[in-house]
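Comments concern the structure below.
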Amino acid sequence: MMHPEVLQQQTTDTTHATVTMRLPAELSWFRGHFPQHPILPGVAQVNWAMQFAAALLPIDGVFCGMEVLKFQRPILPLETVTLLLEWQPARQKLLFSYHVGEVIASSGKIALCR
Numbered sequence: 092m093m094h095p096e097v098l099q100q101q102t103t104d105t106t107h108a109t110v111t112m113r114l115p116a117e118l119s120w121f122r123g124h125f126p127q128h129p130i131l132p133g134v135a136q137v138n139w140a141m142q143f144a145a146a147l148l149p150i151d152g153v154f155c156g157m158e159v160l161k162f163q164r165p166i167l168p169l170e171t172v173t174l175l176l177e178w179q180p181a182r183q184k185l186l187f188s189y190h191v192g193e194v195i196a197s198s199g200k201i202a203l204c205r
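Here you go:
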């Protein structure tokens, strides 16, 4: 299993979307990423941000690189996480942040190329 269980998703306008998801312990992303203390790898978080943005927002372009990436708290199996997405079309930037409750677990800025 590669994808989280989506509990709710909402697009508020053409530039903002929110996805609330539960992370089953069986996610293949958790396997091998610290066997005694599994955490969700950053590559999965970036991948999901791009996938959900492509599905929910009119993003224009393909992944070109990361400009900012901060991991402030590990994301663990069985947690419920909220992903906030902001598309900045004039700058070709996708901003994302993952929240566990009120705490920001990670955030980043993805540059897109046309």
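First residue of the sequence shown? That's 92 in my numbering, and the numbers climb one at a time after it.
For glycine and all other residues, C-beta sits at the position ideal for the given N, C-alpha and C.
- Secondary structure at Met93: coil, using DSSP grouped into helix, strand and coil.
- When rounded, the separation of the alpha-carbon atoms in Trp139 and Thr173 is 12 Å.
- Between Gln183 and Ala202, the C-beta spacing is below 8 Å.
- DSSP places Phe162 in the strand class (E or B) of the three-state scheme.
- Assignment of Ala108 by DSSP, reduced to helix, strand and coil, places it in the strand class.
- Straight across, the Cα-Cα distance linking Pro95 with Lys200 is about 21 Å.
- By the C-beta density criterion, Met157 is exposed, having fewer than 16 other C-beta atoms within 10 angstroms.
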